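Notes to accompany the following structure.
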Amino acid sequence: MREVKLPISSNQLTLLSMGVAAILWTQAASAAAEDMPSTTLQTITVTANTSVRENVQEDSVYIDNYTPAAQASHLSDFLDVIPGVEVGGTSSVNQRVRVRGLDDTNLKVTVDGARQEGAMFYHMGDITIDPDLLKQAEVAVGNNSVTLGNDAIGGAVAFETVDAVDLLKPGQKVGAKLHAGYASNNDELLTSATVYGAPTDNIDLLAYYGKRDTDSGEDGDGRELYEDSESENILLKAGAYIGDDHHVGASFSRTEKEGVFPFRPDFPSLPNSRGLDVIPQEIKRDTYTLDHNFNPANSLIDINTTVYQTETQILRDSEDVGNFDFDAKVKTTGVKIENTSVIDTNNGRHKLIVGAEHYEKESEMARDGSATANDDANNTSVYLEDQWQIGKLTLTPGVRYDRYESPEFVAGGSTYDNVVGAFAASYEVAPRTQVFASYTELFNGPDLGQAVFNSNGEGIYVNNDFKPEEGYNSEVGVATTLRDLTIADDALQLSAKYFRSNIENYQQFMRTGSRPGRFGIDCETGAIGGDCQGMFNSDEDYKIDGVELAANYTTRDFGMGLSYARARSEGDKTGNSIPSVSGSGADSGDRYMVNLDYAANDMVDLGWRSTYVASITDNQGETKPSYDVHDVYVNYSPRQFDGLKATVGVYNLFDETYASHASRLNTADATATDFEMGRNIKTSLTYQF
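By the count of my numbering, the sequence shown reaches residue 693 at its end, each step adding exactly one.
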């Protein structure tokens, strides 16, 4: 396939591109999904702009149709296909999900419904999960529902691990899945085994174990990306139906990665030039969940309850290389209950969602020879949302109340009582064509301080006047589905969206030190410049404007997806973009993506993914350069061996040297840039029986 260059200015959306935009943006109306080709077992599903509302802003892209999904080792291998979403960080210990420029500190992130709260260390990512565990990942691009709640300024990412019912074939009682994969660039070897079964009609069980060994890889210029690690993943699940009305489930998942990494993992080439040794480190996440569903033959009752606890830990042993030893943890414990009622009236149908949630997050830090430092925060909320359908018109008002008790050593334990509202509307202007709009008020209480800097207040500025982040997210758009265009049963989904978000009292962290960008905080007044570090509110408000567009064409044996995303943030005083902990502005260049998939027959499937990101120059003259990356793959499932599937792919086909705009990027210093891997050949073999 011919490589396509798109030399479009990063700060100009031309009339031509706006015209194209009007017919682009995939993941369109949910009404179209019912006739789309079916997916395979354990397909990772990415749902763009998901909320609990069943309207045009809920849509799905089946990632098994996209190049990297079958051999994903990093969240960027599948989440990046969603317009508005990027994942930075080359190493899996530095995975940073960004939605419209906002990172996971402003996103609600869950694993099987369990919140993943708190920040660990700004040189590392906070999301610890291996893609091999996943069944699907739902992404709310922007906050469009009161059901998301606190810590969801930019939206939400909900990871779901695989269930036995996803793998069992019709009539099967017991099954197993064996998987092995290899990547050439970093000599990564993945082996995993899953055993699952349904010993009775009402019970299902699953046990998974996986191991991933990784060496250092190289970027496109041959620079070493330091990592030597082993990881283990465990997943245990059980579910049971009790009578006709109740279902209970329990799960435990663990991702544990141990090895040697740079002291600052977002500087993967740093040891090569500055002599700082890599450091033994261990990163671990344990998540426990219990869930219950009560759904009798009554349209007023469909109650879901989830109780959870999750803990993430970073353990370091610097082996006498500086004073870098620590044991940092963040634990979140919570419960959520939600009921959905469907009520038919003379004035239309109401889908009423009422819920309550309480969670507590705690951070803990221990260094050699010092007492353990702790801090905690908790949030209690109740919400109500009504999806009111009146013929072709759907109106969705919502209201939410939060009571947030802040961390002692961040905001002095201040308590915030807050009420937010939301309203959305959609209208079917023609068959399978809808226009929609939404407005959602935002709230985010002061988060825990970074766990590695916990000190029970010593050297910390405690901001007793800390304000919560507030603002709004507004969106308008159109979605349509066209069918039987060229052949029977084909479908073309087209969509376009414009959004604006406003954020007040943006939360920032300031380190001590005399280097650029690290000025410290006055320990008494909170003014910038001093011997303390801590959190403060930005003195300017930020707005984020953008467009997310795409088209998705499918037949029974061919699929093509096109997408475009643009988001720009701006402060009301300086015009600067939202600051980022990765050392540069949060904005990324305009992103263009093409995905092609062709099933030549029932044995062979071919695919291509092409991503072009335009350069972008911020208000201070710093430029993030453009890049152009291509991936290809082929799947082979021989008829003679039922359940066997082999995949070969070449990722970063032309060995491009680049860094994601969501990663640490310094054009003046290559060792301070988190470059992506160069060309990488991956192979995998799966046998399911």
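Ideal Cβ positions, reconstructed from N, Cα and C, are used throughout, including at glycine.
Just so you know, these numbers come straight off a predicted model, no measurement behind them.
With fewer than three CB-CB distances shorter than 8 Å, the segment 551-558 does not count as touching the segment 574-584. The C-beta of residue 624 has fewer than 16 other C-beta atoms within 10 Å across all chains shown, which makes the residue exposed. DSSP, read as helix, strand or coil, puts residue 540 in strand. In this structure, residue 473 keeps its C-beta atom at 8 Å or more from the C-beta atom of residue 685. Residue 682 and residue 460 have their C-alpha atoms spaced approximately 43 Å apart. Apart from sequence neighbours up to five positions away, the residues of its chain that approach residue 422 with a beta-carbon distance below 6 Å are 406, 447, ordered along the chain. The criterion of a C-beta distance shorter than 8 Å is not satisfied by residue 339 and residue 358.
The C-alpha of residue 374 lies about 46 Å from the C-alpha of residue 168. Short of 6 Å from the beta carbon of residue 377, and not among the five residues preceding or following it, lie these beta carbons of its own chain, in chain order: 369, 458, 459, 460. The three-state reading of DSSP puts residue 123 in coil, since its state is none of H, G, I, E or B.
A contact between stretches requires three or more CB pairs, one per stretch, nearer than 8 Å, and the segment 112-123 meets this requirement with the segment 300-317. Under the DSSP assignment, residue 503 falls in the beta strand (DSSP E) whose first and last residues are 495-508. Every beta strand (DSSP E) of 3 residues or more that sits fully in the segment 394-464 is shown, in chain order, as 397-409, 419-434, 437-448. Not a single unbroken stretch of the alpha helix (DSSP H) spanning 4 or more residues falls wholly within the segment 181-267. DSSP places residue 80 outside any beta strand (DSSP E); the residue lies instead in the alpha helix (DSSP H), whose first and last residues are 80-83. For residue 171, there is no enclosing beta strand (DSSP E); the residue is found in the alpha helix (DSSP H) stretching over 168-171. Under DSSP, residue 554 forms a beta bridge with 499, 567. When rounded, the separation of the alpha-carbon atoms in residue 245 and residue 206 is 5 Å.
Counting C-beta atoms within 10 angstroms of its own C-beta, residue 395 has fewer than 16 neighbours from the protein chains shown and is therefore classed as exposed. CA-CA distance, residue 429 to residue 299, rounds to 28 Å.
Only buried fits residue 617, as 16 or more other CB atoms lie within 10 angstroms of its CB. In the displayed model, residue 644 falls within coil according to three-state DSSP, outside both helix and strand.
A Cβ-Cβ contact shorter than 8 Å links residue 193 with residue 186. Around the beta-carbon of residue 640, fewer than 16 other beta-carbon atoms lie within 10 Å, marking it exposed.
By a beta-carbon distance limit of 8 Å, residue 138 contacts residue 165. Their separation comes to about 6 Å.
Listed in chain order, the non-local C-beta contacts of residue 522 below 6 Å within the same chain comprise 515, local neighbours out to five positions each way being set aside.
For residue 611, the enclosing beta strand (DSSP E) has its first and last residue at 608-617.
The beta carbons of residue 352 and residue 464 sit no closer together than 8 Å.
Relative to the Cα of residue 252, the nearest Cα in the group 242, 306, 260, 261 belongs to 242.
Going by DSSP, residue 680 is part of no beta strand (DSSP E) at all; its letter is neither H nor E.
Exclusion of the five residues before and after residue 296 leaves 252, 309 as the residues of its chain whose Cβ lies within less than 6 Å of its Cβ. Under DSSP, no beta-bridge partner is assigned to residue 660. The continuous stretches of beta strand (DSSP E) do not include residue 137, and DSSP gives it neither H nor E. Nearest Cα to residue 427 within the set 414, 443, 412, 688: 443.
Distance from residue 105 to residue 620 at the Cβ level is roughly 11 Å; contact not present, criterion being Cβ atoms closer than 8 Å.
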